Amino acid sequence: MKKIFAGLFLTASFAFATAQTISFDKTTFDYGTVKAGSEGHRMFTVKNTGDKPLIISKVQASCGCTTPEWSQEPIMPGKTAQLKVGYDTKIVGPFAKIIEVYSNDPASSRSVINIKGTVEPAVTATVATDVAVAAPASAELSAKPAPATATKAERKRTK
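Numbered by mature numbering (1 follows the signal peptide of the UniProt record, and there is no 0), the letters in the sequence shown go through residues -17 to -1, 1 to 142 in order.
Next comes the structure, spelled out in structure tokens:
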């Protein structure tokens, strides 16, 4: 009986040791400071360091301003794939977003990668012109006095 349990344990440990394993070239991509409206796509490299095919089942961003794109094809052992992450650079100001990557890696079925940076407003050119507009010669200006309204103190005195 001990030999059967030992054999099952050995088989189970061997099966776990030969699993698919996800790894990333980096877990944080720092955009730095970018101009509003500039290219917001960046790439992460995903590698299967195990010896079975790695399947990325879902990639979910923390908000709608971040859009991930990935291949549905399995990543073969020792191979890499690209995970494209886009951030909406029309949103001005600092940002820090997380992207959750779900895979069939038994040790790390949910991995988290990050993007961060600052989007500064695009510089707009303003042209100052000195233009004087003259009133038409036939125009009459009339000033009507504003209607007088009694203050609270004046109303009290008249009562």
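Each residue gets a CB set at the ideal place from its N, CA and C atoms; glycine is no exception.
Given the structure is predicted, the values throughout are model-derived calculations rather than measurements.
Between the options, which has its C-alpha nearest residue i's C-alpha?
i	options	result
Val42	Ile81, Ala90 and Ala105	Ile81
Leu37	Pro57, Tyr85 and Gly61	Pro57
Leu66	Ser21, Val17 and Ile98	Ile98
Gly76	Val17, Glu83 and Thr11	Val17
Straight-line CA distance for residue i to residue j?
i	j	result
Ser92	Gly15	30 Å
Gly33	Ala105	45 Å
Thr50	Gly100	16 Å
Met59	Gly69	25 Å
Phe78	Lys9	18 Å
Ser40	Ala19	32 Å
Gln55	His24	19 Å
Val102	Lys35	40 Å
Cys48	Ile74	8 Å
Gly72	Val95	Correcting the residue type first, residue 72 is Thr in the shown sequence and not Gly. Near 22 Å, if we compare the C-alpha coordinates of Val95 and Thr72.
Lys30	Pro89	15 Å
Trp53	Gly61	18 Å
Thr11	Met26	11 Å
Glu83	Ser21	24 Å
Ser6	Ala64	11 Å
Taking its Cβ as the centre, do 16 or more other Cβ atoms sit within 10 Å of residue i, making it buried, or is it exposed?
i	result
Gln3	buried
Asp13	exposed
Thr28	exposed
Ser86	buried
Pick helix, strand or coil for residue i, following the three-state DSSP scheme.
i	result
Gln55	coil
Lys67	strand
Ser6	strand
Ser91	coil
Ile74	coil
For residue i, write down the residues that DSSP places opposite it in a beta bridge.
i	result
Ser86	Ile39
Asp13	Lys99
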